[in-house]
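Peer 1:
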Amino acid sequence: MKKTLIAASTLSLCALTLSACGGGDSAAGSGGNGGSDGTITMGFAQVGAESGWRTANTDSIKQSAEDAGVELQFSDAQQKQENQISAIRTYIQQKVDVIAFSPVVETGWDAVLQEAKAAGIPVILTDRAVDVQDDSLYVTFLGSDFVEEGQKAGQWLVDNAAEADADGDGDVNVVELQGTTGAAPAIDRKEGFEEVIADDDTISISQSQTGDFTRDGGKQVMEAFLQNEPEGIDVVYAHNDDMGLGAIEAIEAAGLTPGEDIKIITVDAVKDGMQALADGKINFIVECNPLLGPQLMELAEKVVAGEEVESRVVTEETTFTQEQAAEALPDRQY
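Once you know that position 306 of the sequence shown is 1804 in my numbering, the rest is easy, because the numbers rise by one and skip nothing.
#1: Label A1609 either buried or exposed according to how many other C-beta atoms from any shown protein chain fall within 10 Å of its C-beta, with 16 as the threshold for buried.
#2: When you compare the CB positions of G1641 and D1625, do they come within less than 8 Å of one another, or not?
#3: Taking only three categories from DSSP, how would you classify F1599?
#4: In whole angstroms, what is the alpha-carbon distance linking D1632 and E1814?
#5: Mind checking D1699: buried by the 16 CB within 10 Å criterion, or exposed?
#6: Tell me whether F1644 sits in a helix, a strand or coil according to DSSP, three-state version.
#7: Start and end of the beta strand (DSSP E) containing V1812?
#8: Using a 10 Å radius around the Cβ and a threshold of 16 neighbouring Cβ atoms, would you call D1657 buried or exposed?
#9: Under three-state DSSP, which class holds L1570?
#10: Can the beta-carbon of A1554 be found less than 8 Å from the beta-carbon of V1768?
#11: Just reading off the beta strand (DSSP E) that D1766 is part of, what are its end residues?
#12: Could you tell me if the beta carbon of G1771 falls within a distance shorter than 7 Å of some heavy atom in the ligand FAD?
#13: CA-CA distance, E1674 and E1805?
#14: Helix, strand or coil for P1683, going by three-state DSSP, please let me know.
#15: If you compare alpha carbons, which of R1587, G1541 and D1766 is closest to E1613?
#16: Can you give the Cα-Cα distance for I1504 and R1810, rounded to whole angstroms?
#17: Specify, as a first and last residue, the run of the alpha helix (DSSP H) that N1738 falls within.
#18: Rounded to the nearest angstrom, what separates L1775 and Q1571 at their Cα positions?
#19: In its own chain, which residues sit with a C-beta less than 6 Å from the C-beta of L1789, not counting the 5 before and 5 after it?
#20: Leaving out five residues before and five after A1659 in sequence, what residues of the same chain have Cβ atoms less than 8 Å from its Cβ?
#21: Does E1796 come out as helix, strand or coil in the three-state DSSP assignment?
#22: Buried or exposed: which applies to R1713, given that a residue is buried once 16 or more other Cβ atoms fall within 10 Å of its Cβ?
#23: Are G1716 and A1684 touching if we call contact CB-CB under 8 Å?
#24: With a threshold of 16 other CB atoms inside 10 Å of the CB of R1687, please say whether the residue is buried or exposed.
#25: Would the segment 1639-1654 and the segment 1576-1594 be scored as touching if the rule is three or more Cβ pairs under 8 Å?
#26: Do you know whose CA, among I1762, A1627, S1573 and G1690, lies nearest Q1544's CA?
#27: Within the continuous alpha helix (DSSP H) that includes V1719, where are the two ends?
#28: Classify A1526: buried if its beta carbon has 16 or more other beta carbons within 10 angstroms, exposed otherwise.
#29: By DSSP, does E1785 sit in helix, in strand, or in coil?
#30: Can you list, in chain order, the residues of its chain whose CB lies under 8 Å from that of E1692, leaving out five sequence neighbours each side?
This is how it looks when you write it as structure tokens:
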């Protein structure tokens, strides 16, 4: 199968106004021109509300739809693919102008996307990619480069391996809190991280298990990790802030100091995570910006109007150390 997470262009985020630029492959939408009054109806199938990041993402989409005058039909899949597929089929029956969704997992979308294509309804992927045989089943994919996020996390560890080696034995033992099994960010953040740490033979991952992107999941898995290796863990790599925050709870309950006895690397940069970073409980965060709403509405308007849009829009993001988090927190929007 042809994996669709291919970066073809880069889109810069500037405050609340987000606009596309650059070259690359393009694709034309096949949607109509909206309702009789020009109003666009969008069906959006969200993953769920598993994290602070996802809540901020949902709020951004809802507010941006209201600001743009887009009629939003919204559904929460509660992290179940069958719920998303059902919602998309409902949107097809309702003959919405455009469908957007953030897929729970990468695979299993071919049939329902074929149905949308047959109905002449363009589809926009947000945040996460899909793995389909025919990439013409969707018009564009708007979101982060998750492999690059994992690479950034891995590079920080490689650069700080000596400091991360808590017991000074020459080996850095990493435990990994993975996101939802089969989800694009979980697959790609793991891939990118492992790709970079492979260059340093002192770093190894001893345990890796899904925490399902939730704080409770991160806490429970970290408790199990600590029971298996009560004094041998140097670093936690969590695929999102919420699981990292759960790990902090487990580490503190075990009488250890997060950020010192065990270094913690996470992805997202939501407020709770940034506060933990500023407090020294997390050591490094890779940003994944959830405020995709304005971009999504702009893309939807172009697609429904029959304009060409880039087939891959990659958001520009940064990383944070403790000092940078403390500086950014007062103006943090999510």
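All C-beta atoms, glycine included, are put in the ideal place defined by N, C-alpha and C. Since this is a predicted model, take the numbers as computed values, not measurements.
Peer 2: Considering the structure as presented:
#1: exposed
#2: yes
#3: strand
#4: 27 Å
#5: If you draw a 10 Å sphere on the C-beta of D1699, you find fewer than 16 other C-beta atoms in it, and that means exposed.
#6: The answer is helix: DSSP assigns F1644 an H, G or I state.
#7: R1810 to T1813
#8: Looking at its Cβ environment, which holds fewer than 16 other Cβ atoms inside 10 Å, D1657 is exposed.
#9: DSSP places L1570 in strand when its eight states are reduced to three.
#10: yes
#11: K1761 to D1766
#12: Absence of the ligand FAD from the depicted structure is noted, as is the absence of any ligand whatsoever, leaving it without description.
#13: 43 Å
#14: helix
#15: R1587
#16: Low confidence applies here, because I1504 scores a pLDDT of 34, under 50, leaving its location unreliable and the question unanswered by this model.
#17: Segment: none, N1738 is in no alpha helix (DSSP H) and carries neither H nor E.
#18: 36 Å
#19: Closer than 6 Å at the Cβ level, and outside the excluded window around L1789, lie S1558.
#20: V1670, D1698, T1700 and I1701
#21: Reduced to three states, the DSSP call for E1796 is helix.
#22: buried
#23: Going by C-beta atoms, G1716 is not nearer than 8 Å to A1684.
#24: By the 10 Å Cβ count, R1687 comes out buried.
#25: The segment 1639-1654 is not in contact with the segment 1576-1594.
#26: S1573
#27: R1713 to N1726
#28: With a pLDDT of only 37 at A1526, under the threshold of 50, the placement of this residue in the model should not be trusted, and no figure is reported.
#29: strand
#30: Within the same chain, E1692 has close Cβ partners G1648, G1652 and I1703.
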